[in-house]
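Adding 6 to a residue's 1-based position in the sequence shown gives its number in my numbering.
Report on one structure; see the data block that follows.
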Amino acid sequence: MFTLFDLRVLANAASFSRGRAYFEEGAVGRVRHQADDNLFSATVSGSDDYTVELTLTPDGPDFFCDCPYDYDGICKHCVALGLTVLEEFGLEAEARNPALKPKKGSAGSQKTVAPLPAKPALAEAAPPVSAAALEAALREVGKPEKLKFLELQLRQNPSLAQAFLIHFYGPPLPPDPLDADTTLPRPDDLRDELRRALGRLRFDYDYLADDDGNLPPVVTIYGQASRFLPALTERIGAVLEPVLLPVAAAIRAALEAGRLAEAVRRWHGAWLGITGVKRPAADAYYLFSGGQYARQVVETWLRLLPEVGVEKLLSRQEFAPQEVARCVPVLIRPVLREAHSVRPQPSPPTSLAQVPDADQVLLLAVAFNPSLAPALRAALQPHEDRLPVLLRLRLATGCRDWASWEPLTAQEAAHNPGIALSLLQFYLDHDRRADLLRAADTYFTPTPS
């Protein structure tokens, strides 16, 4: 049996804390499980990519990592893998094979050197707890100790963990129907591949200087849409594009072939990889200090999507009804996620505060599509009161429901010049001259000072 208690015993405090941070940051790649040997393995990305293995033996967990760590206990990479195994394979993993072959030792191997101490066990039939004793304990035990105890119980008790999540975050979303299709690429695999590629990039003189050896001015502009002057932004884009363009091209190819499910999977994998990247291999001029690397990659990615034609295909490509039917539950998840949540979501890190939600960007893009909009609108009808006006406008456009579109557009035109222009174009296309003149006078006549 393998539990969180084992990890806490095997790692010193520093390794456990850093390993938990790696786990929470998504530094652990896809976990592969060899059932015959009860071996779990994955790549953990830190200052470099390291191969980490966990074998569950009758004597306890046996870890291996090829990092240079050579101190007491297991390293942070092993902790990160252990936490991932506990999360993905259940809160308690069993050592099922009593005759495991020992791995060959190496300088990077990390073994359990002593049997684990016995875990605290609850009595099978515990006597009733005195209410007075419990109240006294709740008052006397410090908050940090109570939180540690609660965390341990939540990780080891699935029923308690489920009750905790439902109480604070509402019922879980329905499962992603695309998960059952093994022919589709896995978002986690796409994420790991892209994150590793972005993590290998270098932003130093060799890559940022132009062909004449001139380095653009390294100036950071605060409070602007782009943090750098145009020349530097262009050079940064030249480093990022060789990695991002093939990813965008793969999404475009899937859309052109009518494979919406594959395109959605690749879309999600790309965003996971982009927003999960921490730092490049070299940042000689401290361009991305404070966790700004992901934000810069997102800016480049959002610029590339329309350039390669992804946005146009999302809004215009015709998809087969069966492809639409299996993708709609995935596309509407951002609305369902908000509907299921019973408490405000935590604020994103400062570096990602201005990064749009990938699911919302995708939903807004496909809402224009005539082959998708009717099904999306029907699925979202129970949540119509919580839909953003922009989404309702786009769904009405995709459904060619001008009777709903016109009053919504008139309502928003006063606050959005772009929407006001679309209303003028609508009146012009439908030869409604009086309405055109009235709208132009309402939304574009200067107010006397």
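Virtual Cβ for every residue (Gly too), placed ideally from N, Cα, C.
Quick caveat: nothing in here was measured; it's all calculated off a predicted structure.
Could you say which of the options lies nearest to residue i if we only look at CA atoms?
{"i": "D12", "options": "R444, C84, G296", "result": "C84"}
{"i": "T189", "options": "R272, P236, E199", "result": "R272"}
{"i": "T403", "options": "H389, A215, L370", "result": "L370"}
{"i": "E59", "options": "Y77, D78, V395, G35", "result": "G35"}
{"i": "P191", "options": "P380, A260, A446", "result": "A260"}
{"i": "Q366", "options": "D391, R400, D212", "result": "R400"}
{"i": "A420", "options": "D447, A137, L200", "result": "D447"}
{"i": "P376", "options": "A276, Q323, L442", "result": "Q323"}
{"i": "P335", "options": "L184, A287, E240, N163", "result": "L184"}
{"i": "Y449", "options": "A416, L434, Y433", "result": "A416"}
{"i": "R339", "options": "L214, S321, H389", "result": "H389"}
{"i": "R241", "options": "D212, A263, Q159", "result": "D212"}
{"i": "D43", "options": "L62, E31, D55", "result": "L62"}
{"i": "L92", "options": "L179, F432, Q162", "result": "Q162"}
{"i": "F170", "options": "D54, P181, L156, G296", "result": "L156"}
{"i": "A203", "options": "A381, E141, L251, P236", "result": "L251"}
{"i": "P181", "options": "L221, L160, L337, L368", "result": "L337"}
May I have the straight-line CA-CA distance separating residue i from residue j, to the nearest angstrom?
{"i": "V372", "j": "A269", "result": "12 angstroms"}
{"i": "F69", "j": "T57", "result": "11 angstroms"}
{"i": "F22", "j": "L10", "result": "11 angstroms"}
{"i": "A20", "j": "L414", "result": "56 angstroms"}
{"i": "V50", "j": "S410", "result": "51 angstroms"}
{"i": "Y75", "j": "R343", "result": "41 angstroms"}
{"i": "P355", "j": "H436", "result": "Low local confidence applies: a pLDDT of 49 at P355 is under 50, so the model's placement there is unreliable, and no value is given."}
{"i": "R332", "j": "A186", "result": "11 angstroms"}
{"i": "P312", "j": "M7", "result": "51 angstroms"}
{"i": "L430", "j": "N422", "result": "13 angstroms"}
{"i": "A426", "j": "L153", "result": "53 angstroms"}
{"i": "G79", "j": "L16", "result": "5 angstroms"}
{"i": "K318", "j": "P223", "result": "35 angstroms"}
{"i": "R444", "j": "T451", "result": "10 angstroms"}
{"i": "V341", "j": "D441", "result": "34 angstroms"}
{"i": "A143", "j": "A86", "result": "33 angstroms"}
{"i": "L378", "j": "L293", "result": "41 angstroms"}
{"i": "E418", "j": "P394", "result": "11 angstroms"}
{"i": "F95", "j": "Y299", "result": "32 angstroms"}
{"i": "R285", "j": "G205", "result": "6 angstroms"}
{"i": "D195", "j": "A254", "result": "16 angstroms"}
{"i": "D307", "j": "L320", "result": "One detail in the question is off: residue 307 reads as Trp in this sequence, not Asp. Distance between the alpha carbons of W307 and L320 is about 16 angstroms."}
{"i": "D72", "j": "E199", "result": "20 angstroms"}
Mind reading off the beta-carbon distance from residue i to residue j? Whole number of angstroms is fine, and I expect it under 8 angstroms.
{"i": "R38", "j": "A48", "result": "7 angstroms"}
{"i": "T281", "j": "V316", "result": "The Cβ separation is near 17 angstroms, so there is no contact."}
{"i": "F29", "j": "L89", "result": "4 angstroms"}
{"i": "F325", "j": "L266", "result": "5 angstroms"}
{"i": "R392", "j": "V314", "result": "The pair is not a contact, with the Cβ atoms about 33 angstroms apart (cut-off 8 angstroms)."}
{"i": "A287", "j": "L207", "result": "6 angstroms"}
{"i": "D14", "j": "K82", "result": "The identity of residue 14 in the sequence shown is Arg, whereas the question assumes Asp. Going by Cβ atoms, the distance from R14 to K82 rounds to 13 angstroms, so no, they are not a contact pair."}
With DSSP as the reference, please indicate the residues paired to residue i in a beta bridge.
{"i": "H39", "result": "F46"}
{"i": "E59", "result": "S47, F70"}
{"i": "V303", "result": "According to DSSP, V303 bridges with nothing at all."}
{"i": "V34", "result": "V50"}
{"i": "F209", "result": "D289"}
{"i": "F11", "result": "DSSP, once it has assigned bridges, lists no residue as partnering F11."}
Flag residue i as yes when its Cβ comes closer than 6 angstroms to any non-hydrogen atom of the ligand HEM, and as no otherwise.
{"i": "Q298", "result": "For the ligand HEM, the structure offers nothing, since it holds no ligand at all."}
List in chain order: all unbroken alpha helix (DSSP H) runs of 4+ residues lying wholly within the segment 142–180.
-> 149–162, 164–175
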